[in-house]
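S.K.: Have a look at this one.
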Amino acid sequence: MKKLSLPSIIFLLAFFYIPFAIVILYAFGYPEFTLKHFRDVLNPLYASYILNSAIIAFLTTAICLAIAYPVAYYIALKAGKWKNALLIAVILPFWISFLLRTYALMTILSKLGIMFTFTAVMVGMVYDYLPFMILPLYTAMERMNVSTIEASYVLGADPIKTFLKVVMPLSRQGMIAGIFLVFVPALGEFVVPAMLGGVSASTLGTLTWELFIRYHNWWKGSALSVIYLAVVFAFTAYYIKRSGRLEL
């Protein structure tokens, strides 16, 4: 087993841990130790980037949840013989390059006259992240016992009460997983805001790219990346803790 895992370990060392260690070194002011770069990126000057990223991530998550919930419910409990075909339709976008899908959207949005707007960014974000919300919800709902839902109707509950008291609690695990899978990457998304939003899309992803590539300021770029990763780790820890409680 140790020999079989060696290629994976080497890959992680070469392409994750070593680059991550370099980023941390630069974030702390390599070759000298300083916290100056963390103070610089936490400056109110960058607050608009953080706020824009948070707004885009929140709206993307909320819209994806609103669309994905009825879709996942229908596929899991109502689709019948069409279940597999609908699941393939949801997964199909993953077979195409993320970049190619975004380029295709650029063509459509250009013809609609909404390219390089906030609306274009939101359309692209929802389109690209929607499957990440549907699949966890489908997995949670597919495990539901239909007789539990039917029993709520027999006992006099109306559809709204059944949804709030039965369906939502049973699908909570899928909702939390979907929110995590959408919100965290959406918070640091670069490709969609840069390609569909242009200069109007000032996000953490575009700011990080500008610091590294345009201004060659590896220290500030690394500090911003470390802060973002700390937020990601915090969300991950919360998700793991929350998932453990729900399983109990």
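When we follow UniProt numbering, the leftmost residue of the sequence shown carries the number 1, and every step to the right adds one.
No residue lacks a Cβ here, since even glycine has one placed at the ideal position from N, Cα and C.
Exposed or buried, which one is Ser222 when buried takes at least 16 other CB atoms within 10 Å?
M.R.: Counting from 1 along the sequence shown, the entry for residue 222 is found at position 222. Ser222 comes out buried.
S.K.: As a quick exercise: from Tyr49, Asp40, Arg39 and Phe38, pick the residue whose alpha carbon is nearest that of Leu204.
M.R.: Indexing the sequence shown from 1 puts residue 204 at position 204. The shortest Cα separation from Leu204 among Tyr49, Asp40, Arg39 and Phe38 belongs to Tyr49.
S.K.: Based on Cα-Cα distance, which residue from Phe20, Glu189, Ile10 and Phe16 lies nearest to residue 295?
M.R.: Shown here, the chain extends from 1 to 248; a query on residue 295 therefore has no answer.
S.K.: Relative to the C-alpha of Pro93, which candidate in Leu130, Gly29 and Pro185 has its C-alpha closest?
M.R.: Here residue 93 refers to the residue found at position 93 when the sequence shown is read from its first residue. Minimum Cα distance to Pro93 is reached at Leu130.
S.K.: Express the C-alpha separation of Asn145 and Ser53 in angstroms, rounding to a whole number.
M.R.: Taking the sequence shown and counting its residues from 1, the one referred to as residue 53 is at position 53. Taking the sequence shown and counting its residues from 1, the one referred to as residue 145 is at position 145. If I take the Cα positions, the gap works out to 39 angstroms.
S.K.: Could you check where the alpha helix (DSSP H) with Leu164 kicks off and where it finishes?
M.R.: Position 164 of the sequence shown, counted from the start, is the residue given in the question as residue 164. Segment: none, Leu164 is in no alpha helix (DSSP H) and carries neither H nor E.
S.K.: At which residues does the alpha helix (DSSP H) containing Thr206 begin and terminate?
M.R.: Here residue 206 refers to the residue found at position 206 when the sequence shown is read from its first residue. Element bounds for Thr206: Leu204 to Trp209.
S.K.: Tell me the residue span of the alpha helix (DSSP H) that contains Ser147.
M.R.: Taking the first residue of the sequence shown as 1, we reach residue 147 at position 147. Where Ser147 is concerned, the enclosing alpha helix (DSSP H) stretches over Val146 to Val154.
S.K.: Could you check if Ser110 is buried or exposed, using at least 16 other CB atoms within 10 Å of its CB as the buried criterion?
M.R.: Start at 1 with the first residue of the sequence shown, and residue 110 comes out as number 110. Under this definition Ser110 is an exposed residue.
S.K.: Tell me where the alpha helix (DSSP H) around Lys83 begins and ends.
M.R.: Locating residue 83 in the sequence shown gives position 83, counting from the first residue. Start and end: Lys83 to Ile91.
S.K.: Taking the straight line between their C-alpha atoms, what separation do you get for Met175 and Glu150?
M.R.: By one-based count along the sequence shown, residue 175 stands at place 175. By one-based count along the sequence shown, residue 150 stands at place 150. Taking the straight line joining both Cα atoms gives about 22 angstroms.
S.K.: Buried or exposed, going by whether 16 or more other CB atoms sit within 10 Å of the CB of Phe98?
M.R.: Here residue 98 refers to the residue found at position 98 when the sequence shown is read from its first residue. Looking at its Cβ environment, which holds fewer than 16 other Cβ atoms inside 10 Å, Phe98 is exposed.
S.K.: Can the beta-carbon of Gly80 be found closer than 8 angstroms to that of Leu196?
M.R.: Position 80 of the sequence shown, counted from the first residue, corresponds to residue 80. Position 196 of the sequence shown, counted from the first residue, corresponds to residue 196. For Gly80 and Leu196, no; Cβs fall outside 8 angstroms.
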